[in-house]
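Participant:
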Amino acid sequence: MNDQLQIVVRPHDDQPTNQVLAVGALLALQWAAPYARTTIGGDGQFVTEPEIDAVGGLLRLDSERIERLRASGREVAHDGGSEIHLIEDQKGSWNVPARIDSWWATGVAIAATSFTATTPTGIAIAETLAISNRSEQRAIELLEHSQTWALQEVDELLRVTADRNPRLLANLLLSLSAKVETLTDTHALLRARYQADIEIIGEHL
């Protein structure tokens, strides 16, 4: 029996703008509920459609993943030129030659030299991906918005699970408690092993 909670992010449509928003939502939910299995799709145990606040989740992409996505994005949108200039229409479609999925759309957006957005979501994506310093105030605000959205979705997930499958929720809580106890025991063991070193370092601080 699978005791892991499952969250499915369902994009509003197949247009690349909403595909990228779905990635932001997935990343935000992975932060909010690391104990759950979060994917992008159509159906599942708990399905959510992302709101524009979820776009800040894109800021949780690490540098290595960004480079991989950028490379794949260049391959998808390559038209013989060295630069990608994205133009979004009113429907959230882009001037790219082929239909692309959520991760490829994100890669194309990252690889783009410019992104002329039209829709509110497209504008939010362009602004988010243009941020280079994640410690700046706007980045912090976007992350906070995505975290608030994700935590609200997780609260709803837990409420629904408690109503429909309380045994699953109980098993999850037991599993998480066991992991916390293991981490606590490991921390105590390491501290005991290196206590002398800790004290010596402390004397010289």
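Be aware that the sequence shown starts at -7, since it is given in our numbering, and climbs by one per residue.
Even for Gly, the Cβ is constructed at its ideal location relative to N, Cα and C.
Can you pull the DSSP bridge partners for GLN(-2)?
Facilitator: ARG29
Participant: What does DSSP give as the partner residue(s) for GLU80 in the beta ladder?
Facilitator: Partner(s): TRP86.
Participant: With H, G and I counted as helix, E and B as strand and the rest as coil, what does DSSP make of THR120?
Facilitator: helix
Participant: Looking only at its own chain, which residues have a Cβ that is under 8 Å from the Cβ of ARG91, when we skip the five neighbours before and after it?
Facilitator: ASP6
Participant: Would you kindly work out how many angstroms separate the C-alpha atoms of ALA14 and VAL0, rounded to a whole number?
Facilitator: Straight-line Cα distance between these residues: approximately 10 Å.
Participant: Mind checking GLU56: buried by the 16 CB within 10 Å criterion, or exposed?
Facilitator: Under the 10 Å beta carbon count, GLU56 is surrounded by fewer than 16 other beta carbons and is classified as exposed.
Participant: Please confirm if the segment 62 to 81 is in contact with the segment 41 to 50, defined as three or more CB-CB distances below 8 Å between the two stretches.
Facilitator: no
Participant: Going straight from the alpha carbon of ARG52 to that of GLU80, what length do you get?
Facilitator: 24 Å
Participant: How would you label VAL88, buried or exposed, when you count the other beta carbons within 10 angstroms and need 16 or more for buried?
Facilitator: Looking at its Cβ environment, which holds 16 or more other Cβ atoms inside 10 Å, VAL88 is buried.
Participant: Is the distance from the Cβ of SER94 to the Cβ of GLN11 below 8 Å?
Facilitator: yes
Participant: In three-state DSSP terms, what is SER127?
Facilitator: coil
Participant: Within 10 angstroms of its Cβ, does VAL39 collect 16 or more other Cβ (buried), or is it exposed?
Facilitator: exposed
Participant: Could you tell me if GLY34 is buried or exposed, where buried requires 16 or more neighbouring beta carbons within 10 angstroms of its beta carbon?
Facilitator: exposed
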